[in-house]
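Working notes, beginning with the structure itself.
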Amino acid sequence: MLVIDPIQFQKKLWPSTNFYDKQRETIYSVRDDQETVVPAGNMLGKDYVAAFIVIWFFLSRHPCRIVTTSAKDDHLRVLWGEIHRFITSSEYPLDHNRGGPLVVNQRELRKVVKGEPDGFSYAIGMVASPERSAAFQGHHVARTGDGVPRTLFVVDEASSVPDEYYKMASTWASRILIIGNPWPCDNFFRHAVEGKPGTEDKGGNIRAKGNCHYERRIIKIKAVDSPNVRLALAQIRNGKKPTGEIIIPGVKPYDEYLKNKSRWDNVQRCVSLEAEFYKGAEVLLFPPEWLNEAERLARNLGNKRRMAKTIGVDPAEGGDDTVMIAMDDLGVIEMVSKKTPNTWIIVGEVIAFMKKHGVGAENVLFDRGGGGKQIADALRAKGYNVRTVHFGESAVPEKKRGMTILEQRKLNDETKAIYKNRRAQMYGLTSLKLDPSVGSGGFAIPVIYTELRRQMAPVPRTYDEEGRLWLLPKRNKDPKSDKPTMISLLGCSPDEMDALVLGVFGLVHKQQAFKVQSMV
150 MLVIDPIQFQ
160 KKLWPSTNFY
170 DKQRETIYSV
180 RDDQETVVPA
190 GNMLGKDYVA
200 AFIVIWFFLS
210 RHPCRIVTTS
220 AKDDHLRVLW
230 GEIHRFITSS
240 EYPLDHNRGG
250 PLVVNQRELR
260 KVVKGEPDGF
270 SYAIGMVASP
280 ERSAAFQGHH
290 VARTGDGVPR
300 TLFVVDEASS
310 VPDEYYKMAS
320 TWASRILIIG
330 NPWPCDNFFR
340 HAVEGKPGTE
350 DKGGNIRAKG
360 NCHYERRIIK
370 IKAVDSPNVR
380 LALAQIRNGK
390 KPTGEIIIPG
400 VKPYDEYLKN
410 KSRWDNVQRC
420 VSLEAEFYKG
430 AEVLLFPPEW
440 LNEAERLARN
450 LGNKRRMAKT
460 IGVDPAEGGD
470 DTVMIAMDDL
480 GVIEMVSKKT
490 PNTWIIVGEV
500 IAFMKKHGVG
510 AENVLFDRGG
520 GGKQIADALR
530 AKGYNVRTVH
540 FGESAVPEKK
550 RGMTILEQRK
560 LNDETKAIYK
570 NRRAQMYGLT
580 SLKLDPSVGS
590 GGFAIPVIYT
600 ELRRQMAPVP
610 RTYDEEGRLW
620 LLPKRNKDPK
630 SDKPTMISLL
640 GCSPDEMDAL
650 VLGVFGLVHK
660 QQAFKVQSMV
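Numbering (our numbering), first residue to last: 150 to 669.
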């Protein structure tokens, strides 16, 4: 069959849409090249162009199968939100309910062919989670001899997706699109760009044999590739004042570019403006070498029988995940992350997790903010005297038995001089735990917890004007503020990371059990 030119397809269905050169390059690469790898800065339309590619690929051939993935539900929500936006804004109906060819569900597209539902072709979205790994196999479409690629694998925010999903998709996908911010990682995304140590693959473009296309093509999209930024820079070179004109809506404007350059640290500028993998670990709270060592320690522990000592819990808030992490002094034993919108479901899940790992309530720690206090109160009413920690409170150490008032006051002053608040203290203690040169020589984190590593990797080591360690806030109190936050840095709430630091804080500050009378 004749495959429709993607840009002609766009002009027909979305005539008011304009893709800039880097987006068009990405689109045509997916058409022509086996594998397209796009390290991109932020606010450069990567999800928008990926969504268009999914729609075009699915409608321009039959039969066809597409799998889209990311390590976090939030990332897929954004990608599929863009897919649905294309469907609803088309000049011609695409949804079957409006006379179009697509059966549209939340994260699934099917086709209607000759008036009948087609059970073979699909485009789906699946989170790259360990419990769903088997679902990434077997999406083959038999070749028909016409040379048309009929299977597509799309990886969004690729720095957080483990190698195994890429390897499984490589067995059936005739086209692969890998796209995302180049946050520190050690997976197929970075290897494609910079090479894989110990192999002959040095990264970069690989020409296909026998034609002018590529087996693998790297397309970097930097902040200066934004047409809005390019225009302003050209005006400056010509001795003119930048007009701030928006050529492509939704893509980084010049004023945002200037703000990012002045306010972001080295890591975020490198990743989110230059579309490069950052190599200087000195400004990171959890350098990649430490995270690699954490994974190595976990592999060495293998199936060794261990007894958890603490559990950190970050409960769901506003659609976020509830995360529970059990750990001992050697490191993380188990992490569970799931959607639990109902308060009482969370209570039951926490009790079951405590019993599974044999951890007493006094060593189960909750974030007091959000819904944490409500969950903790519900558990206390059932006789489980769990602990709560307020991330924003002063970093005052808990009182120790046998310590005089003067000794306690000195310890308080020393702690306050090191950490700006409790959040900074908990993250600082976790950083010390992972530092291979301190104490027992590291802290194990199993490699399967890729989202935890993704969240930890870009966190900068920052200090206030008094030289105290401080952390970006989770979110801004003022909704109009444009100051950087953990959510803006990571693209999602740091649920997994917050649960980890709560557990580590519990390891450092253990409490003795005392019985609470049940109120139910």
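Where is the CB? At the ideal position from N, CA and C, for every residue including glycine.
Contact annotation: the region 304-315 touches the region 324-336, with at least three C-beta pairs closer than 8 Å.
By the 16-neighbour rule on beta-carbons within 10 angstroms, C361 is exposed.
Rounded to the nearest whole angstrom, the C-alpha separation of K408 and N449 is 45 Å.
Counting only residues of its own chain and dropping the five nearest sequence neighbours on each side, A199 has a CB closer than 7 Å to the CB of L228, V303, D305, L326, I328. Taken in chain order, the complete beta strand (DSSP E) segments of 3 or more residues contained in the region 410-489 are 459-463, 471-477, 480-487. A straight line joining the alpha-carbon of D196 with that of R454 spans about 43 Å. Of all alpha-carbon atoms in G652, V261, P333, I370, the one lying nearest the alpha-carbon of K171 is that of I370. Separation of V203 and I597 (C-alpha to C-alpha, rounded to the nearest whole angstrom) is 28 Å.
When the beta-carbon positions are compared, D644 and D463 come within less than 7 Å of each other. At a Cβ-Cβ threshold of 7 Å, P212 and S270 count as neighbours. Using a 10 angstroms sphere on the CB of H289, the tally of other CB atoms stays under 16, which defines it as exposed. Given a length threshold of 4 residues, each whole run of the alpha helix (DSSP H) inside the region 183-258 is given here in chain order: 195-208, 222-238.
Within the DSSP secondary-structure output, M635 pairs in no beta bridge. For G329, the beta-bridge partners assigned by DSSP are P188. Following the DSSP letters along the chain, one finds S270 in no alpha helix (DSSP H) but inside the beta strand (DSSP E) bounded by residues 265-276. Assigned with DSSP and collapsed to three states, P595 falls in coil, not helix or strand.
7 Å or more divides the Cβ of H245 from the Cβ of V262.
Taken through DSSP and simplified to helix, strand or coil, E498 comes out as helix. Taking all protein chains shown into account, W493 has fewer than 16 neighbouring C-beta atoms within 10 Å of its C-beta and is therefore exposed.
The C-beta separation of T175 from I368 comes to about 5 Å, placing the pair in contact by the 8 Å criterion. For I367, no alpha helix (DSSP H) run applies; the uninterrupted beta strand (DSSP E) run containing it begins and ends at 363-367, by DSSP.
Annotation for L621: no alpha helix (DSSP H) segment contains it, and DSSP assigns it neither H nor E.
Check the Cα spacing between G518 and each of R571, R412, T218: the tightest is with R571. Judged by beta-carbon spacing, N534 lies beyond the 7 Å limit of E498, meaning their Cβ atoms are not closer than that value. Taking the Cα positions, V420 is about 47 Å away from E265.
For the pair L639 and P607, the Cα-to-Cα distance works out to about 8 Å. Cα atoms of T471 and K487: separation of roughly 6 Å, rounded to the nearest angstrom.
Boundaries of the beta strand (DSSP E) around R536: 536-538.
Judged by DSSP secondary structure, D644 falls outside any beta strand (DSSP E) and instead within the alpha helix (DSSP H) spanning 644-657.
The C-beta separation of K458 from L583 comes to about 17 Å, leaving the pair out of contact by the 8 Å criterion.
Taking a C-beta distance under 7 Å as the contact criterion, I273 and E257 qualify as a contact pair. For M192, same chain residues with a beta-carbon under 7 Å away, outside a window of 5 residues either side, are V400, K401, E405 in chain order.
A straight line joining the alpha-carbon of R247 with that of S238 spans about 12 Å.
Collapsing the DSSP output to three states places I395 in coil. When the five nearest sequence neighbours on each side are left out, the beta carbons in the same chain lying within less than 6 Å of the beta carbon of I495 are those of P464, T471, T489, I524, in order along the chain.
Taking the Cβ atoms as the reference, A447 lies roughly 4 Å from A593, within the contact range of under 8 Å.
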